[in-house]
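Protein sequences, first through last, are from chains S and B.
For the first sequence, position 387 (counting from the first letter as 1) is numbered 387 according to the working numbering, and the numbering increases by one without interruption.
In the working numbering, each residue's number is its place in the second sequence (first place is 1) plus 1000.
2 protein chains.
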Amino acid sequence: MFNINENYLKLPGSYLFSTIGKKVREFSEANPDNKIIRLGIGDVTLPLVPAVIEALHGAVDEMGKQSTFKGYAPDLGYEFLRKAIADHDFKTRGVSIALDEIFISDGAKSDSGNIQEIFDVNCKIAVCDPVYPVYVDSNVMAGRTGEYIAETGRWSNVIYMPCTKENHFAPELPKEQPDLIYLCFPNNPTGSTITKAELQKWVDYANKVGAVIIYDAAYEAYISEDNVPHTIYECEGAKTCAIEIRSFSKNAGFTGTRLGFTVIPKELKCGDVMLNSLWARRHGTKFNGAPYITQVAGTAVYTEEGRKQTKEQIAYYMNNARVIREGLLSAGYSVSGGVNAPYIWMATPDKMTSWEFFDHLLNKVNVVGTPGSGFGPSGEGYFRLTAFGTYENTLEAIERIKKL
Amino acid sequence: MFNINENYLKLPGSYLFSTIGKKVREFSEANPDNKIIRLGIGDVTLPLVPAVIEALHGAVDEMGKQSTFKGYAPDLGYEFLRKAIADHDFKTRGVSIALDEIFISDGAKSDSGNIQEIFDVNCKIAVCDPVYPVYVDSNVMAGRTGEYIAETGRWSNVIYMPCTKENHFAPELPKEQPDLIYLCFPNNPTGSTITKAELQKWVDYANKVGAVIIYDAAYEAYISEDNVPHTIYECEGAKTCAIEIRSFSKNAGFTGTRLGFTVIPKELKCGDVMLNSLWARRHGTKFNGAPYITQVAGTAVYTEEGRKQTKEQIAYYMNNARVIREGLLSAGYSVSGGVNAPYIWMATPDKMTSWEFFDHLLNKVNVVGTPGSGFGPSGEGYFRLTAFGTYENTLEAIERIKKL
């Protein structure tokens, strides 16, 4: 008689954004005339830029002719895309990444969920609290997290690194020694970031204790300040301890187009074994490449036109971030983020819990955000708003909140 | 100090098709003037059909306008695609599948590699021998297969079901009781299939012993004979024991476009737990949907034009299959498959091993096929040719082999 993976049953409740979706749907059905403004899930709203659209049409035409038709993609992804990445995302930052250290995928969510697979089931993970739920949930499914303790909202075998107002939403080196450290900067959900010198401390720590940093840089394109690292490989020694995960979702609006990549330097080893080889094996065995047309589209993001156009989109979103940030500050809220990231992290007023504030905003002013507690216990009492709406809606949402 | 998933190190050598690629590359570099004909990897060569190309262009245009832009897709996939699947792949066969029993993915390789994750690590798998390598390798990575025994080419904790000339390449019910049974019909690599009555025996067996059948129906569109089931759910009781995996790669040439789906009926349970819920949780946590444009393209496959055009492609490939089959038979080879499948499975001549015959064909007549032993020990002494080349190349390859 077969059995299931019992670890799945340990996961409490449903995925955060499914719960939000359900609540919004129910409110909307009960109040069909109310205009709901969604600043909740981190989904973009601007269309793909012209350079990408043109590239997509061109690639579709290629797929329609026998002479230019493309079947299975190369295991690691097309070289033209990997070369564009190596040149524009790394060489410009003074970092040399070889083409076979880059693995093209269908997105950062898949990669950040799957990467834990190449590690031993007894590896202990450390995560920021609050945190993007995928890091923890994928490790729960793998049986790495111990038991869920409802009273604390924490897992018994996970090292939590609280990121709160007190430490400016930047994690401190953990007291207990981890094997895998998940870091995300610019951060989802808090919108915070750390300097190159601060990230260097993490790299040094990981090299010292023999830990691997899984560095999620999905929001790199939103960095506006100097001295904030765009890739962890700007730090000395990162190639022997860090895996970096990147996305086209937020820099080029690919949430519904799906493209991302993971970098694993060949210097990153466990004994004699390169993690690069393990991931290559997983990639070749349980994945069959991102679509050709998507890889062509991703390459267009790096052309002169593509860079110019996507930069304009990011500026549009970051103007929204400014509107949210300044509006909330002027209304007396305690706010962070929104400078190097499309996320604004606010403290809930009047000692409301995150979900109470969620219901409050939804019911009173029909604005949807994300309860901070959905990202971890230290997110309780916080709330995330995103800059991915239209300018008009963002402005209206903030005006509504200010009148509360 | 972190550790790796040691199960990965148990995997012998590299992925079959990587080895073939390397051998062909080396031959080609040494003999740049020789025209190599590839009937090896199961990759299609005809372009996407006009109905699909038109749908892709339309969807790309939608992605370029704010009013029709699409971000994250619904967790299970767009309903328009799931409805087309339920109607055309199942209702037409007298099978009722609910829309929330269909999970759209980026392809059957991902699904057949990932599906094992929802089962206990102690589940014992049964596979046909020879077999598509992904089923076994993904279970090796999960630690379910015991140790590799080099002398036999088998894993110590896997139940093998030999498919040889003696049993007409159809597996027999295993003597030892499995928890998970991987079946693929029409079969890759042998091209064989079984009747509905024969498949019913497997369903009855699985229900009796409490096993789950993972049914790979990627080649369903190639079925030409009556009485061969197009879906396992044509069999009575299949909904309480079977998961079906489907692909757009071979019926519509999507190998480089990436689209597939998995069906998990809600009746399929372990105690009170629906496997459907577990897979939904995995889908929502470690995957972010297939691209909108690809899902629109997949839907076009089910339109009247789409069905007509893809049927013509399949007829083209199946004519190649006939050319290979009849050509080899007339030359005195022992051949099977190629009637309900795009694969022709031949016995190697003169007691050559599979790899000896591979080298022989490559060196003497510059034709590339796939060594049967690459699919498992019972594939030794066999060789796979695929019908996915052009008609002209297929004809020439067979003429060359006939002259050997």
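All residues carry an ideal CB built from backbone N, CA and C; glycine is no exception.
Every value quoted in this text rests on a predicted model; they were computed, and no experiment measured them.
query	result
Extent of the continuous beta strand (DSSP E) run through A1331 (chain B)	Premise fails: A1331 (chain B) is in no beta strand (DSSP E) and is neither H nor E.
Proximal chain S residues relative to E1006 (chain B), where beta-carbon distance stays under 9 Å	D120
Chain-ordered chain B contacts of I53 (chain S) [CB-CB under 8 Å]	V1060, D1061, M1063 and G1064
Simplified DSSP assignment, three categories, for S1112 (chain B)	helix
Interface residues of chain B facing T294 (chain S) [CB-CB closer than 7 Å]	P1291
Expected contact under 8 Å - CB spacing of N276 (chain S) and E101 (chain S) to nearest Å	6 Å
Backbone CA spacing between V1296 (chain B) and I41 (chain S) [nearest angstrom]	24 Å
Residues in the region 1223–1255 of chain B having any Cβ partner in chain S nearer than 9 Å	S1249, G1253, F1254 and T1255
Limits of the alpha helix (DSSP H) - the one that I118 (chain S) falls within	It is not in any alpha helix (DSSP H) - I118 (chain S) carries neither H nor E in the DSSP assignment.
Residues bridged to A1126 (chain B) [DSSP beta-bridge criterion]	B:I1159 and B:I1181
Outcome for I398 (chain S) when other beta-carbon atoms lying within 10 angstroms are tallied against a minimum of 16	buried
Own chain partners of T1370 (chain B) with C-beta closer than 6 Å, once the 5 adjacent residues on each side are dropped	G1040 and R1384
Cβ pair count under 8 Å reaching 3, the region 1303–1319 of chain B against the region 1044–1058 of chain B	yes
Short Cβ contact (8 Å threshold) for G389 (chain S) with R154 (chain S)	no
Nearest candidate by alpha-carbon position, reference I264 (chain S), set S:P162, S:N251, S:H283 and S:Y292	S:H283
Interface positions of the region 1070–1092 of chain B facing chain S (Cβ-Cβ less than 8 Å), listed along the chain	K1070, G1071, Y1072, A1073 and D1075
Interface residues of chain S facing L1016 (chain B) [CB-CB closer than 7 Å]	Within chain S, no residue comes near L1016 (chain B); the closest Cβ sits about 10 Å away, beyond 7 Å.
Secondary structure of A59 (chain S), DSSP reduced to three states	helix
Extent of the continuous beta strand (DSSP E) to which D1216 (chain B) belongs	V1212 to D1216
Close-in-space but distant-in-sequence residues of the same chain around S334 (chain S) (CB under 8 Å, 5 per side omitted)	K165, M346 and A347
Identified DSSP bridge partners for T1247 (chain B)	At residue 1247 (chain B) the sequence reads Ser, which differs from the Thr that was named. DSSP, once it has assigned bridges, lists B:G1260 as partnering S1247 (chain B).
Proximal residues to V209 (chain S) (C-beta, below 7 Å), its chain only, five neighbours per side dropped	Q177
N-terminal and C-terminal residue of the beta strand (DSSP E) that M346 (chain S) is part of	Y343 to A347
Beta-carbon proximity check, G143 (chain S) vs V121 (chain S), cutoff 8 Å	yes
Alpha carbon of P186 (chain S) to alpha carbon of F1375 (chain B), nearest angstrom	46 Å
Residues near Q200 (chain S) in its chain [Cβ-Cβ closer than 6 Å; skip 5 each side]	C235
Best match in S:N167, S:Y317, S:T394 and S:N7 for proximity to D137 (chain S) [C-alpha to C-alpha]	S:N7
Residue from B:R1025, B:D1216, B:I1324 and B:Y1382 with nearest C-alpha to I1401 (chain B)	B:I1324
Residue from S:F287, S:W355, S:E392 and S:F90 with nearest C-alpha to K239 (chain S)	S:F90
Chain S residues whose Cβ lies nearer than 8 Å to that of R1258 (chain B)	D106, N288, G289, A290 and P291
Proximity of P130 (chain S) and G337 (chain S) at Cβ, strictly below 8 Å	no
Contact list for D100 (chain S) against chain B, beta-carbon separation under 7 Å	Ordered by position in chain B, no residue passes the 7 Å Cβ test against D100 (chain S), which lies about 13 Å from the chain.
Inter-residue spacing [alpha-carbon to alpha-carbon] between E1117 (chain B) and A1073 (chain B)	23 Å
Cβ shell of A331 (chain S) (< 6 Å), same chain only, five flanking positions each side left out	K402
Other residues of its chain near I293 (chain S): CB distance less than 7 Å, five sequence neighbours each side excluded	L56, A59, V60 and M63
Closest residue to I4 (chain S) among B:T1262, B:C1270, B:V1228 and B:Y1317 (Cα-Cα distance)	B:C1270
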